[in-house]
Each structure stands twice: as C-alpha cells, then as structure tokens.
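Report on the structure given below.
In the numbering used here, the protein residues as written are 249 to 515.
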C-alpha cells in the first residue's frame, strides 16, 4: 500500500535502486535467497536504465556467490563503497578506539571481530560461554573468510551482554551501536551511514538523489529510507522504518519489491 501518492519515473531517466539484504531480499531465518527475488534481480540487471546497488551491513565478500552482478556496493553499513569494480570510498577503523573497545569487552566477557570488506574477518578475543553458545555468535563462523591478520578494518562487529548497552553508548557517543541479532552488534561511526555512501554512488554516476529508490526493513536503513527520493519499507519492516518511508510494500518473501516497482511503473 502507498502512504502518499507517487508519480512515476521517466523511461529515459537512469534509476539507482538500492536494496538492503537481510529480510529485504534475503530470508535471514531460513538463510536463503527466495527464488522470486533472485529472478527479479536478474531481470533488473539486464536493464540499461537501472543501476543495481546492494546497501547492506554485510561485507562485500559475502555477495560473491549469489549469481547477481551488482553495479554498486554500499557495504558494512556504508563504510566501503565500490562502483563498477572501483573503490570510491572506504572508512577505516580507528586503531586506538579498537584497542580501547577490545579492553572494555575483555572485562565483560565479550568479543570483537574486525572486518575488511574484501579480505574477510578477524577475531581478537574468546567470549564468555553464554555468548559463544548463542546462535547469533555461531553464525559468525560462516559469515566469510576468517583471517589471522588484517591490514585494517572497515567495521567492527562485537558481541556482549545487552545489559551493557547504555554503558557502551555513553562511552562512545560518536558511534552508532546497532544491535542486530542476539548478542551481535555493529559499531558504526556517526555520519557515515548507508545514505552517506549512497549519495557518493549517486554523485559518482551523476544521478540525483531524488531519482534514487531504496528498500529496507530495519533501523540501519532509516537514514537511506528517509533521505532518498523514494524510500520503501518492506511489509515486514519495523515501525520506525515504516514511519519514515514514502511507500510500504508487501513482505520480502511475498514479492514486495516487485509489487512496489510495478506501482512505480518501473516494471
């Protein structure tokens, strides 16, 4: 359903369409990409008037085996950006902050993973038994290539007991502490979000931000949903995302993306 009347794009206008991954395209519980969404992406990637952009908290290395040729990557929640195989932006983790955070986590039974968007993931600390046995932590084992050392990281993934959330947020007000799955948390610098990096992609491709469409479902999508020309919330999105969106479509596993693009006369 639409929250407000929307026009449609000119057939001559180049369109940048940005997709969150988990529970927007991908079924995070079943750990699979619905066939209907794969077919839709393959259909869209044949279109010369459409630029396909993945805009995810996941790293670029994660997307190499799904049979989709992305034109642009906004990964690690905007910390690493690539267009047509050229890196146009990357934000590197501050080593001093990383060391401080590692010591804080050690004292609270937590752990820290550094992530380089192309090279892989590196663990620094063994967490408590409770965290280690939790499903959200177990998924890290299949997240991507594990490395003994990384030259630098684009983002930190940490795990700790939620009782320490407010303490950590007070310690690092210049960071967004985004808890996304059980014990697992993304640490994201304020101001460098998916929207920040989508703006870089649009500028690089000479596409106006008002001509960008974005699909999302969770809090790390809020800025891009509100900031692009048409931000679309999935039917399964949380209330915050639906409130910011210009359109609400069906669930990710009910062809919600296709239905929205049909309403916009893109399909």
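Glycine residues also receive a C-beta, built at the ideal position from the N, C-alpha and C atoms.
query = Among residues of its own chain, excluding the 5 on either side of residue 466, which ones have a beta-carbon nearer than 8 angstroms to its beta-carbon?
reply = 268, 270, 271, 428, 485, 486, 489
task = List the whole-angstrom C-beta distance separating residue 313 from residue 402, where the pair is believed to meet the contact cut-off of C-beta under 8 angstroms.
result = Taking 8 angstroms as the upper bound for CB-CB distance, residue 313 and residue 402 are not in contact here, some 20 angstroms apart.
Closest residue to residue 442 among 329, 418, 373 (Cα-Cα distance) = 329
ask   = What are the residues that DSSP puts in a beta bridge with residue 434?
value = 405, 426
key: residue 444 - containing beta strand (DSSP E), residue span   = No beta strand (DSSP E) holds residue 444; the alpha helix (DSSP H) holding it covers 442–452.
ask   = Straight-line CA distance for residue 379 to residue 410?
value = Put simply, the backbone Cα of residue 379 is about 11 angstroms away from that of residue 410.
Residue 270 - partner residues in DSSP beta bridges = Among the bridge pairs identified by DSSP, residue 270 is matched with 274.
ask   = Sorted by chain position, which residues of the same chain lie with C-beta nearer than 8 angstroms to residue 413's C-beta, five sequence neighbours on each side aside?
value = 425, 427
Whole-Å CB distance - residue 307 paired with residue 363, under 8 angstroms assumed = 5 angstroms
query = What residue from 266, 405, 370, 291 has the CA that sits closest to residue 331's CA?
reply = 266
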